[in-house]
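Numbering (the working numbering), first residue to last: 12 to 883. Virtual Cβ for every residue (Gly too), placed ideally from N, Cα, C. A quick note: this is a predicted structure, and the numbers were derived from the prediction, not measured. Take a look at the structure below.
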RNA sequence: GCCGGAGUGGCGGAAUUGGUAGACGCAAGGGACUUAAAAUCCCUCGUCCCCAAAGGGCGUGCCGGUUCGAGUCCGGCCUUCGGCACCA
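Set out below in structure tokens:
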């Protein structure tokens, strides 16, 4: 064994060993309980970043730990390979997106292997491969058959920079989720997936997501946004038309003083004569800044009291939600209030606070009163409480046949059309005679044409590819053209975790349809090795790990797809991910020069900018990003410290769910720890190798205990307990690693004198290596071998502790007087309360403090503390 | 504005059920080894009072409460980070 720890040599050796032995290959062995460990697959942008290192280190620890605990593990990895950056690279540098993507994948795969991550690459999926995206198209056709995929014209979010449509979930602060460009509204024919079909189910099932962070479940619930209310019809005076409105506050119906329609409402053209005003309002539609509207000249009849109230067209009323029309109650809705003030419309108070007067100035409201209260001026409903009146009025309207109680969701259908090249072609053909015709299943996949030009202007290159575009209609064989839009890349990531379940990555859902029912074949059904068997064996994912930024988008779409796949008849489960861990961001301090902006650490010397000599500002700790120049390159870390140190530090610096602040010195600390571990094995390697000791029988430990070695033996058992519990309890790796550091400290100061000491030392060191191996696997394998053991350490069982050995014989007894610590003394563990009391009262210092004062009461906390309450 | 986290030494963070606040690591200071430096090893390290020791006071964002005892529970604020935001 080398004296010096050289991570590069060690890591290469064991990575080669694992690959040659096929250690991470998955096998559906039904005699074992399975564990599906999954990390969110990366977009192949070129190189991995520290966020990936952290995410994948967490996943690898879990997979290795569960494996040692005896689970049958599936731990796959793949590539979210469609997307805009590849297309941008094609435009900018003239490289074909496929070439660019596959080169990036090759490099990043090498990096992942250098980190020692234990993936089964036989099940790798690459979403831009026709073998994969064929199934996007297949799902599309199945959904089209079921009416879950449909086409409609609508106002959509359009990013002028990306020249493509965005789903609602992809609009962040009114900007594009990729490039931040302000999103505009544009009317387009688009394909949609009917996510709303599952709205209620997706919402209800949220309560079953026990293994998810509450925060994420809440975000899902809020996004689905259920609200119960009333739809009511307002007749248009002098016309044979009705306007249906939606409200959650039927109790304020008597306070409605006008009606507002969305500018794109089906009746606006008919009602509004002033086309110029309508055009103006449309311009402001979807913008949050200002409320704009105009009077149509028409009136509506309030179904509650037959009052005539004016009909307005207003930009702030959304066509996409409810009925696209609202009754406006300015006294009790802030938005209506602002609109009414601007256009000088009447404000009628119909709800009063229960115990006080409404705050008004000059007998006018200065803001809407939106709380619950008591009804006034509402005919027979006056004096009712608003929550009661809400139901009564709704019932009344329903009875009169002028409306009905309904449930609305904020969740909209998922617009999946994208005007891009690098995505899955939508398998649809447009025929002049037959109209919209789906591509026949046997003709899948519809493959992206390779010979296209990327100009960066005029939208998708597919619209210029005659070879792709021109096609014969599958029905009438006449001239037809293909759909040129491709699918949102979130389609790709909505089912990839099921794709991993197919042996050797050979995805085939057709075989599922013919062989699958009955669903969920029982475990242990002898000899069956079909794909449907594998899906029901491996799914659902037991532990999913990824960034919280996907809390709404990806997770919601995956939950939707899982339901669709079930309804197609392939699977028998609703939820894809049993447990979810959302890891925090990797952050680092930023440096800024007043003249040169963000700086790399190497651009700073003595707190000054090396370019201009001005003093720099130490900025906030922010998420690592290239633009802020506060990134750490994983390649650099691996070269300098090795994968084991990089993994160890990113796991030690913070618990997984919290943000991690990068610290160069902290990395040094992790490296020092591994060096010390190396050192203790090196120092003792000769003797350790010849010391024989059977690890298996835990109770043998007891016979080895001597006065000298028992503290180390105890510490070792305590460490097994702590590390195991810390991993089991929410994956708190930081405290688990701290426990390992304590053990190393103890081992370092231990001196072996007798053969029994050597056996205890060997047991300690071997235990340390077993416990360390999920975190820093290479060095653990190397030292495991150096202590005379056969590889692989990964195939060893996770150690267990003996409570009898782990428990302390002596405890430190804390003595408090009136809740303040006054003395501490060592006492044997397991004393009775009375004995503990006596010892405490016997203590010289305690006697002095008590003196002549009266003893009021004594509390004893077993094994820990005594609190003596005394009077004056 | 609404919803949800978080606030503990110089720093990252521990404290599992209301029971010794500050584990572990980093930084800092002192010492050993060395011709010297690096590396390594040892010691100190919340703060204040005291020459020092012994001892004691204060201390988990702020104010108050419950309790023998509160970082932990309750009420009210402050700061900060996320998410949503004309959803009627």
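In the three-state scheme derived from DSSP, where H, G and I count as helix and E and B as strand, residue 169 is classed as strand.
Residue 183 and residue 685 have their alpha carbons spaced roughly 43 Å apart. Within the model, the alpha-carbon separation for residue 208 versus residue 214 is close to 11 Å.
Between the alpha carbons of residue 102 and residue 39 lies a distance of about 45 Å. Between residue 550 and the set 563, 576, 587, the nearest pair of CA atoms involves 587. By the neighbour-count criterion, in which a residue is buried when 16 or more other Cβ atoms sit within 10 angstroms of its Cβ, residue 466 is exposed. Just so you know, the alpha carbons of residue 747 and residue 826 end up roughly 30 Å apart.
Counted as a single uninterrupted DSSP element, the beta strand (DSSP E) harbouring residue 827 occupies residues 821-828. DSSP places residue 61 within a helical segment (H, G or I) once states are collapsed to three. A straight line joining the alpha-carbon of residue 134 with that of residue 280 spans about 56 Å.
The bridge partners DSSP lists for residue 626 are 619.
The bridge partners DSSP lists for residue 258 are 241.
Cβ contact annotation for residue 159 (same chain, cutoff 7 Å, sequence separation greater than five): 204, 205, 208, 575, in chain order.
Distance from the CA atom of residue 702 to the CA atom of residue 812, rounded to whole angstroms, is 22 Å. Rounded to whole angstroms, the Cβ separation of residue 49 and residue 243 is 48 Å, and the two are not in contact under 8 Å.
If you ignore the 5 residues before and after residue 217, its C-beta comes within less than 7 Å of the C-beta of 228, 231, 232, all in its own chain and listed in chain order. A straight line joining the alpha-carbon of residue 502 with that of residue 438 spans about 14 Å. In the DSSP assignment, residue 414 falls within the beta strand (DSSP E) that extends over 414-420.
Within the stretch 601-684, the beta strand (DSSP E) runs of at least 3 residues that lie entirely inside it are, in chain order, 608-610, 628-634. Sequence-distant Cβ neighbours of residue 253 in its own chain, meaning closer than 6 Å and more than five residues away, are 244, 246. When DSSP states are grouped into helix, strand and coil, residue 212 belongs to the helix group.
In this structure, DSSP gives residue 880 an extended state, which the three-state scheme calls strand.
Nearest C-alpha to residue 612 among 675, 457, 201, 735: 675.
If you draw a straight line from the Cα of residue 484 to the Cα of residue 493, it is about 9 Å long. Spatial neighbours of residue 451 in its own chain (CB-CB distance under 6 Å, excluding positions within 5 residues in sequence) are listed in chain order as 485. In the same chain as residue 261, and ignoring 5 residues on each side of it, the C-beta atoms closer than 6 Å to its own belong to 241, 401, 404, 405, in chain order.
Straight through space, the alpha carbons of residue 600 and residue 624 are spaced by roughly 20 Å. The continuous beta strand (DSSP E) containing residue 839 extends over residues 831-839. CA-CA distance, residue 821 to residue 874, rounds to 9 Å. In terms of Cα proximity to residue 35, the closest of 87, 148, 110, 482 is 87. By DSSP's assignment, residue 176 forms a beta bridge with 169. The beta-bridge partner set that DSSP reports for residue 471 is empty. The criterion of a C-beta distance shorter than 8 Å is satisfied by residue 663 and residue 745.
Around residue 196, the same chain offers 166, 167, 168, 169, 296, 297 as residues with beta carbons nearer than 8 Å, after the five sequence neighbours per side are excluded. In this structure, DSSP gives residue 381 a state outside helix and strand, which the three-state scheme calls coil. Taking a 10 Å sphere around the C-beta of residue 173, we find 16 or more other C-beta atoms and assign the residue as buried.
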